[in-house]
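J.:
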Amino acid sequence: MTESAEHEWSQAKLAAVVGVTRQTINSIEKGRYHPNLRLAFKIARAFGKLVEEVFLYEDHSAV
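Residue numbering for the sequence shown follows the numbering used here, starting at 117 and increasing by one per position.
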């Protein structure tokens, strides 16, 4: 997720808009934390995008 950089938002600004800490946004951007659906939708809506445009789902399970 690089939307905050694309929109020239700081991690702190995005965090304030969606109600989490700056550290949470940093962890999401670095791939260390995967947001729940509610947070993913909040982040996408903050940018005026669909969740699929902001987050890529990768299924690593073997079927």
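Every residue, glycine too, gets a C-beta built ideally from N, C-alpha and C.
Determine the burial state of A92: buried for a count of at least 16 other Cβ atoms within 10 Å of its Cβ, exposed for fewer.
T.: The requested residue 92 does not occur in the structure, where the chain is confined to residues 117 to 179.
J.: In angstroms with no decimal places, state the Cα-to-Cα distance between L166 and Y173.
T.: The count along the sequence shown starts at 1 and reaches residue 166 at position 50. The count along the sequence shown starts at 1 and reaches residue 173 at position 57. Their Cα atoms are separated by approximately 13 Å.
J.: By a C-beta neighbour count over all protein chains shown, 10 Å radius and 16 as the cutoff for buried, is A160 buried or exposed?
T.: For this step, residue 160 is matched to residue 44 along the sequence shown. It counts as buried.
J.: Closer than 8 Å: is that where the CB of W125 sits relative to any heavy atom of the ligand MG?
T.: The model on display carries no ligand, and the ligand MG is accordingly not part of it.
J.: Which word fits A128, buried or exposed, when buried means at least 16 other C-beta atoms lie within 10 angstroms of its C-beta?
T.: Here residue 128 is taken as the residue at index 12 of the sequence shown, counted from 1. Exposed is the call here.
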